[in-house]
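The sequence shown: position 161 = 1240 (this note's numbering), numbered continuously.
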Amino acid sequence: ISPHECDILFQRGGGYQKLVSKIIAKEPHVLVQLGWGIINNHLLNIPCWGVLSWHHGVMPNLRGIYTPTWAVAHNRIDFFGITLQRLNEGIDTGKIVSIKSFDPKEVTNYVQAYLKLDEFSIKMTIDALKGLQEGKNIIIDENTDALSGEYHNVFGIIDIIKFLINKRSFFSNQSDSIT
């Protein structure tokens, strides 16, 4: 995909309606959400192919926020990964486009692991956009069960302690620092 075929819209201040107006004027086929946050349902229906977004966790097993931290705190290497989804009205319940996980022992600490997840997310998004451009169905799981898996949005003191204990064995050469 050529950078000349993509428009990047940033909206800081000026309000939601200004952003929606910019998006409608572009008539996009697909939107890609960078970062995290809840997208208004109205935006989901503007592009004909919807909105792609990545989630730092293996869906549908682990949904919510701080998911890499939850995976470490609960010693769930199988939940440590990233999911590219086509957003819907729910939270982390979109159709799954791709999933990538890796053994956290390949890196030495939490920060390196998070950066590796971000690298995967960029490649996964590019691959998905190329697939769309070629007319492929890029969905690998049409029926994501929103009620399966674990949903986390609060991180308590017990979870922080579990994270600090488990990170030592989760990564290859983890020191006692917070990273």
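Ideal placement from N, C-alpha and C gives every residue a C-beta, glycine not left out.
Discussion item. Please classify LEU1113 as buried or exposed, where buried requires at least 16 neighbouring CB atoms within 10 angstroms.
Written reply: Numbered from 1 along the sequence shown, position 34 holds the residue referred to as residue 1113. Taking all protein chains shown into account, LEU1113 has fewer than 16 neighbouring C-beta atoms within 10 Å of its C-beta and is therefore exposed.
Worksheet item: Regarding ILE1236 and the ligand MN, is the C-beta to nearest heavy atom distance less than 8 Å?
Response: For the structure depicted, the ligand MN is absent and the ligand set is empty, with no information on it obtainable.
Fill in: Where ASN1188 falls, given that 16 or more other Cβ within 10 Å makes a residue buried
Here the question's residue 1188 lines up with position 109 in the sequence shown. Per the 10 Å Cβ criterion, buried.
Fill in: Cβ-based neighbour list, VAL1151, same chain, cut-off 6 Å, excluding 5 preceding and 5 following
Position 72 of the sequence shown holds residue 1151. Result list for VAL1151: PHE1242, ASN1245, LYS1246 and PHE1249, in chain order.
Discussion item. Suppose you measure from the CA of ASN1167 to the CA of LEU1123; what does that come to, to the nearest Å?
Written reply: In the sequence shown, the residue the question calls residue 1167 occupies position 88. In the sequence shown, the residue the question calls residue 1123 occupies position 44. ASN1167 and LEU1123 have their alpha carbons spaced roughly 7 Å apart.
Discussion item. I'd like the ranges of any alpha helix (DSSP H) spanning at least 4 consecutive residues and lying wholly in the region 1113–1199.
Written reply: As far as the region 1113–1199 is concerned, its whole alpha helix (DSSP H) runs of at least 4 residues are 1120–1123 and 1146–1152.
Worksheet item: Quick one: what's got a C-beta closer than 8 Å to ILE1125's C-beta in the same chain, skipping five residues either side?
Response: The residue given as residue 1125 occupies position 46 in the sequence shown. These residues qualify, in order along the chain: VAL1099, ILE1102, ILE1103, PRO1107 and LEU1110.
Worksheet item: For SER1132 versus GLY1173, is the C-beta spacing smaller than 9 Å?
Response: Reading the sequence shown from its first residue, position 53 is the one you call residue 1132. Reading the sequence shown from its first residue, position 94 is the one you call residue 1173. A contact, by the Cβ cut-off of 9 Å.
Worksheet item: Based on the DSSP output, what are the partners of LEU1110 in its beta bridges?
Response: In the sequence shown, counting from the first residue as 1, residue 1110 sits at position 31. In DSSP, LEU1110 forms a bridge with VAL1130.
Worksheet item: Within 10 angstroms of its Cβ, does GLY1096 collect 16 or more other Cβ (buried), or is it exposed?
Response: For the purposes of this step, residue 1096 is taken as residue 17 along the sequence shown, with counting starting at 1. The identity of residue 1096 in the sequence shown is Gln, whereas the question assumes Gly. Label assigned to GLN1096: exposed.
Worksheet entry | Cβ neighbour criterion (16 or more within 10 Å) applied to GLN1164 | Indexing the sequence shown from 1 puts residue 1164 at position 85. Burial call: buried.
Worksheet item: Among ASN1120, HIS1121 and THR1162, which residue has its Cα nearest to the Cα of GLY1136?
Response: The residue labelled residue 1136 in the question sits at position 57 within the sequence shown. That would be THR1162, whose Cα lies nearest to the Cα of GLY1136.
Worksheet item: Would LEU1194 be called buried (16 or more neighbouring beta carbons within 10 Å of its own) or exposed?
Response: Residue mapping note: residue 1194 aligns to position 115 of the sequence shown, counting from 1. LEU1194 counts as exposed, since fewer than 16 other beta carbons sit within 10 angstroms of its beta carbon.
Discussion item. Between the alpha carbons of ASP1238 and TRP1149, how many angstroms are there, rounded?
Written reply: To locate residue 1238, count along the sequence shown from 1; it is residue 159. To locate residue 1149, count along the sequence shown from 1; it is residue 70. The alpha-carbon atoms of ASP1238 and TRP1149 are separated by roughly 8 Å.
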